[in-house]
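> Mapping the sequence shown onto this note's numbering, position 60 (from 1) lands on 364, and the numbers just tick up by one.
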Amino acid sequence: MAKKIERRTYSVRDVEARADGDGMRLAGYAAVFNDASVPLPFKESIAPGAFRKTLSETPDVRMLINHEGLPVARTKNGTLKLEEDDRGLRFEADLADTQEGRDIYELVKRGDVDQMSFAFRVIRQKWNDDRSRRVLTEVSLADGDISVVTYPAYPTTTVEAREHLKEAIKAYKEGREVTGESLAVLKTIFSDLEEGHEYIMRAVEMMAMMVNGEEVEEEARENVGDFVEWDSSGGTARGRIEHIMEEGVLGIPGTEFSITAEEGDPAVLIRVYEEFRDGWRATETLVGHKMSELRYIDPLPEATEEEGRKISLRLAQAIINSTK
Numbered sequence: 305m306a307k308k309i310e311r312r313t314y315s316v317r318d319v320e321a322r323a324d325g326d327g328m329r330l331a332g333y334a335a336v337f338n339d340a341s342v343p344l345p346f347k348e349s350i351a352p353g354a355f356r357k358t359l360s361e362t363p364d365v366r367m368l369i370n371h372e373g374l375p376v377a378r379t380k381n382g383t384l385k386l387e388e389d390d391r392g393l394r395f396e397a398d399l400a401d402t403q404e405g406r407d408i409y410e411l412v413k414r415g416d417v418d419q420m421s422f423a424f425r426v427i428r429q430k431w432n433d434d435r436s437r438r439v440l441t442e443v444s445l446a447d448g449d450i451s452v453v454t455y456p457a458y459p460t461t462t463v464e465a466r467e468h469l470k471e472a473i474k475a476y477k478e479g480r481e482v483t484g485e486s487l488a489v490l491k492t493i494f495s496d497l498e499e500g501h502e503y504i505m506r507a508v509e510m511m512a513m514m515v516n517g518e519e520v521e522e523e524a525r526e527n528v529g530d531f532v533e534w535d536s537s538g539g540t541a542r543g544r545i546e547h548i549m550e551e552g553v554l555g556i557p558g559t560e561f562s563i564t565a566e567e568g569d570p571a572v573l574i575r576v577y578e579e580f581r582d583g584w585r586a587t588e589t590l591v592g593h594k595m596s597e598l599r600y601i602d603p604l605p606e607a608t609e610e611e612g613r614k615i616s617l618r619l620a621q622a623i624i625n626s627t628k
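1) Express the C-alpha separation of LEU384 and VAL417 in angstroms, rounding to a whole number.
2) Would the stretch 549 to 565 and the stretch 590 to 597 be scored as touching if the rule is three or more Cβ pairs under 8 Å?
3) Pull up the CB-CB distance for GLU310 and VAL452, whole angstroms please, since I reckon it's below 8 Å.
4) In whole angstroms, what is the alpha-carbon distance linking ASP530 and GLY543?
5) Hey, quick one: how far does the beta strand (DSSP E) through ARG406 stretch, first residue to last?
6) Give the range of the alpha helix (DSSP H) segment to which ARG356 is assigned.
7) Is it buried or exposed for VAL319, if we count other Cβ within 10 angstroms and need 16 for buried?
8) Thinking C-alpha only, which one of LEU554, VAL576, THR402, TYR577 is nearest ASP569?
9) Tell me whether the beta-carbon of THR398 lies closer than 8 Å to the beta-carbon of ALA377.
10) According to the neighbour-count rule (16 or more other Cβ atoms, all chains shown, within 10 Å of its Cβ), is SER421 buried or exposed?
11) Classify SER360: buried if its beta carbon has 16 or more other beta carbons within 10 angstroms, exposed otherwise.
12) Between the Cα of THR587 and the Cα atoms of ILE545, ARG599, GLU372, ASP447, which residue gives the shortest distance?
13) Give every residue of the same chain whose Cβ lies closer than 8 Å to the Cβ of ALA607, excluding the five residues on either side of it in the sequence, and list them in chain order.
14) Helix, strand or coil, according to DSSP, for SER536 in the structure here?
15) Using three-state DSSP, classify ALA475 as helix, strand or coil.
16) Once the 5 residues before and after GLU388 are set aside, which same chain residues still bring their CB inside 7 Å of it?
17) Could you check if GLU528 is buried or exposed, using at least 16 other CB atoms within 10 Å of its CB as the buried criterion?
18) Can you check the stretch 565 to 614 for any beta strand (DSSP E) of at least 3 residues that lies completely inside it and give the ranges in chain order?
19) Which class does LYS430 belong to by DSSP, given the choice of helix, strand or coil?
20) If I measure Cβ to Cβ from GLY373 and keep anything under 7 Å in the same chain, skipping five residues before and after, which residues do I get?
21) Kindly indicate the opening and closing residues of the beta strand (DSSP E) around SER349.
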């Protein structure tokens with residue numbers, strides 16, 4: 305099942321509007337790391353590295369206004385550039401010389417608009433035990449967008465609605481059926497939210513699933529046998545998970561090192577893989593890391609014996625030719 309598009313809004317005060325030759329340029333952040341959202345009714349933040357994989361796949365991302373209408377910039381034609389730095393998802397956009405492009409340029413320049421939002425799909429996430437906090441560890445921007453937004457990120461007029469949602473979710477967590485007054489409250493909230501404030505939409509989806517008796521998607525986390533990558537002193541390293549320890553100290557075989565598991569952040573033993581011929585192969589090296597340091601990747605392709613034979617034959621032929 306395709307993952308749903310979600311949207312988040314951030315008030316980033318240093319969105320810049322500046323003239324660039326004959327054009328108009330905006331620059332700033334569409335998302336920032338470790339900045340907890342107002343409850344949805346859960347709190348949410350984005351972990352550093354969450355955009356790394358999707359950006360490496362060069363997704364076609366459009367820059368919109370309020371997530372709708374024609375694009376004012378686009379990565380496909382080079383008018384929109386995205387990168388992940390230590391603060392978040394940074395963008396630079398050469399705006400189209402259209403009425404919408406000119407309007408949003410002037411509004412940002414005057415300071416009337418200073419908020420950015422981005423549309424994404426959740427690939428990997430981590431919830432705490434009571435599901436009051438979610439950390440996005442990997443997201444996809446494919447078929448998504450970044451948007452300059454003109455409505456408040458978290459308007460105070462929705463405080464009461466958020467309180468009703470929190471009360472309803474509390475009832476659900478305690479095993480009480482969402483019926484009667486609680487159900488009526490939810491239906492009212494759903495009706496009121498049809499106009500859509502993007503910051504609350506994930507909560508609406510969750511509550512709709514609860515009312516319909518559907519299960520809420522559980523946290524995605526790496527398992528034994530999964531392939532992962534991590535940052536090392538020599539660059540990005542890759543390997544396969546061999547063991548996960550939820551509690552205690554994990555010793556690394558053949559070394560004096562160990563990793564201590566923490567609550568919500570297990571210790572992981574990984575078999576390091578290396579590039580070989582036309583693919584990858586396992587090495588004898590084992591390393592340990594915290595789960596939070598790892599990023600899930602697709603299975604690494606194994607080097608084929610046939611390709612190895614071809615290389616050996618070419619090498620042998622080269623040696624023969626050199627002795628003639």
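Using N, Cα and C, we set each Cβ at its ideal position, and we do this for glycine too.
For this structure:
1) Those two C-alpha atoms are separated by around 19 Å.
2) yes
3) Not a contact, Cβ separation roughly 18 Å.
4) 9 Å
5) First-last for ARG406: 403 to 414, but that is the alpha helix (DSSP H), not the beta strand (DSSP E).
6) 356 to 360
7) Burial call: buried.
8) Among LEU554, VAL576, THR402, TYR577, the Cα nearest to that of ASP569 is on LEU554.
9) Before going further, note that residue 398 is Asp rather than Thr in the sequence given. Against a cut-off of 8 Å, the Cβ pair of ALA377 and ASP398 comes out as a contact.
10) buried
11) exposed
12) Ranking ILE545, ARG599, GLU372, ASP447 by Cα distance to THR587 puts ILE545 first.
13) PHE580, ARG581, ASP582, GLY583, TRP584, ARG585
14) strand
15) helix
16) Result list for GLU388: PHE355, ARG356, LEU359, in chain order.
17) Here residue 528 is Val; the residue named in the question, Glu, does not match the sequence. Per the 10 Å Cβ criterion, exposed.
18) 571 to 580, 583 to 594, 599 to 601
19) strand
20) GLU404
21) 347 to 350
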